[in-house]
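Below: one structure, written as structure tokens.
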Amino acid sequence: MKREYLKQSSFLILIMLITILQTNCSQIGQQVSGFNLYSTDEEMRIGYEYSKQIEQQISLNKNTDIVEYINDLGQRMVQVSKRSNIPFTFKVVDDSAVNAFAIPGGFCYVNTGLIRFAETEAELASVIGHEIGHVVGEHSMKRMSKARAINATLSLGSILGSIFIGQETTENVLLVADLAGTGILLNYSRGDELEADRLGIQQMHDAGINPIGSQQFFEKLSSKDKEGPSEIEKLLSTHPATKDRVKQARKLINKLPEKTYSPESNAKFNLVKELLPEIENNPIVN
1 MKREYLKQSS FLILIMLITI LQTNCSQIGQ QVSGFNLYST DEEMRIGYEY SKQIEQQISL
61 NKNTDIVEYI NDLGQRMVQV SKRSNIPFTF KVVDDSAVNA FAIPGGFCYV NTGLIRFAET
121 EAELASVIGH EIGHVVGEHS MKRMSKARAI NATLSLGSIL GSIFIGQETT ENVLLVADLA
181 GTGILLNYSR GDELEADRLG IQQMHDAGIN PIGSQQFFEK LSSKDKEGPS EIEKLLSTHP
241 ATKDRVKQAR KLINKLPEKT YSPESNAKFN LVKELLPEIE NNPIVN
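With this note's numbering, the residue at position 136 of the sequence shown is 136, and numbering never jumps.
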């Protein structure tokens with residue numbers, strides 16, 4: 001009797017978990033579904049506390065020309081985004097890796113290596129817009145919500161096991177191990193990344209920044225990817241296949257209405273590029 005009930009309860013728990021995880025399924029170009037158990041205020045508090053931890057481990061660039069330029073570029077896209085109601089913060093990290101990242105609450109970090117790698121302002125904006133897209137899509141909070149729901153579901157299974165057989169079930173232990181092994185809660189999903197690309201392209205267009213920079217940047221990544229391991233390995237390792245991103249960018253850009261965009265490169269962009277060598281060789285630690 002106990003064994004039969006155990007099988008039934010384990011099956012129900014598995015169905016609940018599958019239902020939770022499938023809420024993140026998406027096709028290219030579509031809105032990623034999902035649920036968020038956290039309020040905006042909670043997200044901002046979580047992001048603020050996390051930012052303090054992160055900034056103890058990185059070297060922030062304090063050059064006003066560089067920081068103000070990145071902030072201005074980011075805020076242009078924030079103003080036309082679907083989450084302009086939260087105060088985004090943009091900071092520059094003295095790191096040669098071609099990368100940028102964002103955490104809950106609108107805290108965005110741009111590496112000097114990315115600024116150096118971008119050949120135009122539009123290319124640079126495409127990556128910043130992508131990171132803004134993760135915050136707009138609430139991707140981190142949705143994944144945290146799923147983790148919270150999964151933990152609650154597994155706790156229920158543990159309780160049922162304790163009640164009926166006096167200890168945690170082997171099935172639950174194996175299920176936790178499987179989830180940990182997949183890394184499903186540790187990284188953005190392919191759907192999250194593609195949605196962030198889509199949101200970033202729309203934000204560029206609405207802000208008057210030529211979204212062709214997104215396609216050009218992905219093509220540049222694709223070219224580097226073919227050369228094998230490189231300085232952009234870190235950026236590529238957590239993202240969808242570059243060819244898929246190029247394909248989506250081209251498709252989305254072709255559907256956008258005609259618009260006059262600002263120049264892809266300008267004096268401020270060129271000035272910041274000129275400042276990078278000296279700043280990177282003499283990083284200022286926060």
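Ideal placement from N, C-alpha and C gives every residue a C-beta, glycine not left out.
Could you tell me if ASP41 is buried or exposed, where buried requires 16 or more neighbouring beta carbons within 10 angstroms of its beta carbon?
Exposed, because fewer than 16 other Cβ atoms sit within 10 Å of the Cβ of ASP41.
With three or more beta-carbon pairs closer than 8 angstroms as the criterion, would you say the segment 71-85 touches the segment 123-133?
The segment 71-85, when compared against the segment 123-133, does touch it at the 8 angstroms Cβ threshold.
Taking the straight line between their C-alpha atoms, what separation do you get for PHE101 and GLU131?
If you draw a straight line from the Cα of PHE101 to the Cα of GLU131, it comes to about 6 angstroms.
Roughly how many angstroms lie between the CA atoms of SER51 and VAL110, to the nearest whole one?
About 14 angstroms.
Length of the line joining the Cα atoms of ILE163 and VAL80:
With a pLDDT of 44 at ILE163, under the threshold of 50, the predicted position of this residue should be treated as unreliable, and no value is reported.
Member of LYS268, PHE35 and LEU276 whose CA lies at the smallest distance from the CA of TYR69
Comparing Cα-Cα distances from TYR69 to each of LYS268, PHE35 and LEU276, the minimum goes to LYS268.
Assign ASP65 to one of two classes, buried (16 or more other C-beta atoms within 10 Å of its C-beta) or exposed (fewer than that).
So ASP65 ends up on the exposed side.
Short Cβ contact (8 angstroms threshold) for GLU264 with ASN210
Against a cut-off of 8 angstroms, the Cβ pair of ASN210 and GLU264 comes out as a contact.
Among VAL78, GLU119 and ILE58, the one whose alpha carbon lies nearest that of LYS273
Selected option, being the one with the closest Cα: GLU119.
Can you tell me whether PHE90 is buried or exposed, with buried defined as 16 or more other CB within 10 angstroms of its CB?
Classification of PHE90: buried, given that the 10 Å Cβ count is 16 or more.
Assuming the contact rule is C-beta atoms closer than 8 angstroms, GLY137 and ASP192 should be a hit. Round their C-beta distance to whole Å, please.
Contact flag correct, Cβ pair sits at about 7 angstroms.
CA-to-CA distance, ASN266 to SER222, given in whole angstroms
Our two residues, SER222 and ASN266, have alpha carbons roughly 25 angstroms apart in a direct line.
Cβ distance (whole Å) where GLN248 is taken to contact MET77 below 8 angstroms
The beta-carbon distance between GLN248 and MET77, rounded to whole angstroms, is 18 angstroms. This is too long to meet the 8 angstroms contact definition.
Should LEU276 and ARG45 be called a contact, given that it needs their Cβ atoms to be closer than 8 angstroms?
No, these two residues do not count as a Cβ contact at 8 angstroms.
Looking only at DSSP bridge pairs, what is LYS91 linked to?
According to DSSP, which records beta bridges pairwise, LYS91 is partnered with TYR109.
Which of helix, strand or coil does DSSP assign to GLN30?
The pLDDT assigned to GLN30 is 40, lower than 50, so where the model puts this residue is not dependable; a value taken from the coordinates is nonetheless given after this. Coil at GLN30, not helix or strand.
Backbone secondary structure at ALA118 - three-state DSSP
Looking at ALA118 - three-state DSSP - the assignment turns out to be coil, as it is neither helix nor strand.
CB of ILE103 within 8 angstroms of CB of SER59, strictly:
Taking C-beta atoms as the reference points, ILE103 and SER59 fail to come closer than 8 angstroms.
Measuring straight from C-alpha to C-alpha, what distance separates LEU271 and PHE35?
Looking at the backbone, the Cα of LEU271 and that of PHE35 are separated by about 43 angstroms.
Does the distance from the C-beta atom of ARG196 to that of GLY113 stay below 8 angstroms?
Sequence inspection shows Ala at residue 196; the Arg mentioned does not correspond to that position. At least 8 angstroms separates the beta-carbon of ALA196 from that of GLY113.
Straight-line gap, LEU199 to GLN56 (C-alpha atoms, nearest Å)
The straight-line gap separating the alpha-carbon atoms of LEU199 and GLN56 is approximately 30 angstroms.
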